[in-house]
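Asker:
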Amino acid sequence: MNIAIKVENLSKLYKIGKKEPYMALRDALSESIKKLFRKNEKDKENESYIWALKNVSFEVKEGEIVGIIGRNGAGKTTLLKILSRITYPTEGKAVVKGKVGSLLEVGIGFHPELTGRENIYLYGTILGMKKKEIDEKFDEIVEFSGLAQFIDTPVKYYSSGMYVRLAFATAAYLQTNILLIDEVLAVGDVGFQRKCFQRMEEVRKEERTILVVSHNMEAILRFCKRSILIDKGRIIKDGNTKEVVEEYLKYFSEIYNFREWSFDQAPGSEFAKLKSIKIKDKNGNQKNSFDSREPIFVEVEYWIIKPKNIYASIVLQNQMGVIVFIASESSSYLGRAYKILEPGLYRAVCEIPSNLLADGNYTLRVVLVELGKDSSPLYHADVHNAVGFQVFVPLAPDSPRGDYPGGYPGVVWPKFKWETYQVDKNIFPES
């Protein structure tokens, strides 16, 4: 089988705080001349620069679907931008054979002043397609996007949801050999996500080469036999998707599932200090990735230095920064908020019930609180983004997802009890 994408020792250096411009030909030539007179490249190795990618090498065969996974800022989007020719590498090279369709950062470079119709034809023309070929796909693109009423409106007036629907439809339906997709399965409403999954199934059967960047492990496991794990600009693992995802979850867990301090370095006050925060499963094992069907235990240990009515609270936020809930040790029983704790080491454990949280990454803010006489809180310790964990809602009959592969809106995804039964055999009972 022929090679569709070949990446060799690819590296990309960014200057922190500087937005990289799109370069005209004259700028590119000027930049090349300037490089001849620059000082040693080692001068770049300082705190003002960061390697988004470093010595990345891999090959993708024609017809292969490969998942690219990793934490935010790992270098995934930078890789796709280089493959899409949106930006250029600092070192190394990437050879891409065939027409490339890309959907990066919920867009494919539509011109804001042009209408949806004009952008579809412009994009197809850039891909080297003839007008007749675009004509044959046009109706399918418009139908998929659901934007027939707005197709002759300039895209600058589109909402973000309208824009991404048209962008995905255009990239997915026009005849490209290679399709690069960045997080499109994480945006849009429920109906759009369902259509994206269906179209991805069709694209897979067309044996086109696809690279998919996503934090949705269910999607990666479903569509990709092979995946690549990237962290800090380097490839950590490349291979069977199940094994790569397991490595990712293990790697994620080792970094984020606990925080611990010595007494001298611990956040706190003269009355109380935090000792540790840990995320555990029901067996007491520290971990950071949970099936939604299992409970999650947050363990907070703290020192009381002087007698005080202090208790622990946690604030759970999802990956969009939305507060999912606030849970407080003070709600464990009436009067807990005003109970005076004597000096010593205390452990408070909060159980987050199973079948509650939606797919995604979560972070915890942990505080030690004293409730004043006027019910105003006084924080003795307050640690934002203290620890984190990830939740997956699997395709299973006993999960909130059931057999539905898409996502649902909302900050929680509880499992409800449903009963359905026939109340009458007659469709139109006699009156």
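The opening position of the sequence shown corresponds to residue 3 in this note's numbering, with each subsequent residue numbered one higher.
Don't be surprised by glycine CBs; every beta carbon is placed ideally from N, CA and C.
1. Going along the chain, which residues of its own chain have a beta-carbon closer than 8 Å to the beta-carbon of Pro379, five neighbours each way excluded?
2. Out of Ala96, Val413, Asn357 and Thr365, which has the shortest C-alpha to C-alpha gap to Ala398?
3. So Arg261 is in the beta strand (DSSP E); what residue range does that whole segment cover?
4. Taking the beta carbon of Leu436 as the centre, do at least 16 other beta carbons fall within 10 Å, making it buried, or is it exposed?
5. Decide if Val205 is buried, meaning its Cβ has at least 16 other Cβ atoms within 10 Å, or exposed.
6. Can you give, in chain order, each stretch of the alpha helix (DSSP H) that sits fully within the segment 148-209 and has at least 4 residues?
7. When you compare the CB positions of Phe273 and Ile222, do they come within less than 8 Å of one another, or not?
8. Suppose you measure from the CA of Lys44 to the CA of Tyr51; what does that come to, to the nearest Å?
9. Whose CA, out of Ala174, Ile7, Leu181 and Lys197, lies closest to the CA of Ala96?
10. Write down the C-beta distance between Phe394 and Met219 rounded to the nearest angstrom, noting that I regard them as a contact closer than 8 Å.
11. Bridge partners for Asn105 per DSSP, in chain order?
12. Should Ala30 go down as buried or exposed, given a rule of 16 or more other Cβ atoms within 10 Å for buried?
13. What are the start and end residues of the beta strand (DSSP E) that includes Tyr348?
14. Between the beta-carbon of Tyr381 and the beta-carbon of Val369, is there less than 8 Å?
15. Which runs of the beta strand (DSSP E), 3 residues or longer, sit entirely within the segment 44-103?
16. Check the DSSP bridge columns for Ile279 and list the partner residues they point to.
17. Is it buried or exposed for Tyr160, if we count other Cβ within 10 angstroms and need 16 for buried?
Answerer: So, from the listed chains and residues:
1. Looking up residue 379 in the sequence shown gives position 377. Once the five neighbours on either side are set aside, the close Cβ partners of Pro379 are Val371, Glu372 and Leu373.
2. In the sequence shown, the residue the question calls residue 398 occupies position 396. Sorting Ala96, Val413, Asn357 and Thr365 by C-alpha distance to the C-alpha of Ala398 places Asn357 at the top.
3. To locate residue 261, count along the sequence shown from 1; it is residue 259. Per DSSP, Arg261 belongs to the beta strand (DSSP E) from Phe260 to Glu262.
4. This structure leaves residue 436 out entirely; the chain is present only between 3 and 433.
5. Here the question's residue 205 lines up with position 203 in the sequence shown. With 16 or more other Cβ atoms within 10 Å, it is buried.
6. 162-175 and 192-207
7. Mapped onto the sequence shown, residue 273 falls at position 271. Mapped onto the sequence shown, residue 222 falls at position 220. Not closer than 8 Å, so no.
8. Position 42 of the sequence shown, counted from the start, is the residue given in the question as residue 44. Position 49 of the sequence shown, counted from the start, is the residue given in the question as residue 51. In this prediction, Lys44 has a pLDDT of 49, which is less than 50 and means its spatial position is unreliable; what the coordinates show is noted afterwards. Cα to Cα, Lys44 sits roughly 11 Å from Tyr51.
9. To locate residue 96, count along the sequence shown from 1; it is residue 94. The shortest C-alpha separation from Ala96 is found at Ile7.
10. On the sequence shown, residue 394 is found 392 positions in, with the first residue counted as 1. On the sequence shown, residue 219 is found 217 positions in, with the first residue counted as 1. Separation of the CB atoms of Phe394 and Met219 is rounded to 6 Å, and the pair is thereby assigned contact status at 8 Å.
11. In the sequence shown, the residue the question calls residue 105 occupies position 103. Note that residue 105 corresponds to Leu in the displayed sequence, not to Asn. Answer by DSSP bridge pairing, in chain order: Ile183.
12. Here the question's residue 30 lines up with position 28 in the sequence shown. Low confidence applies here, because Ala30 scores a pLDDT of 47, under 50, leaving its location unreliable and the question unanswered by this model.
13. The residue labelled residue 348 in the question sits at position 346 within the sequence shown. It spans Gly346 to Ile354 - the beta strand (DSSP E) in which Tyr348 sits, taken as one unbroken run.
14. Residue 381 sits at position 379 when you count from the first residue of the sequence shown. Residue 369 sits at position 367 when you count from the first residue of the sequence shown. Cβ atoms of Tyr381 and Val369: closer than 8 Å.
15. List check, beta strand (DSSP E) in window: 51-63, 67-71 and 93-98.
16. Translated into positions along the sequence shown, residue 279 becomes position 277. The partner list for Ile279 (beta bridge, DSSP) reads Arg261 and Val302.
17. Here residue 160 refers to the residue found at position 158 when the sequence shown is read from its first residue. It is buried - the Cβ of Tyr160 has at least 16 other Cβ atoms within 10 Å.
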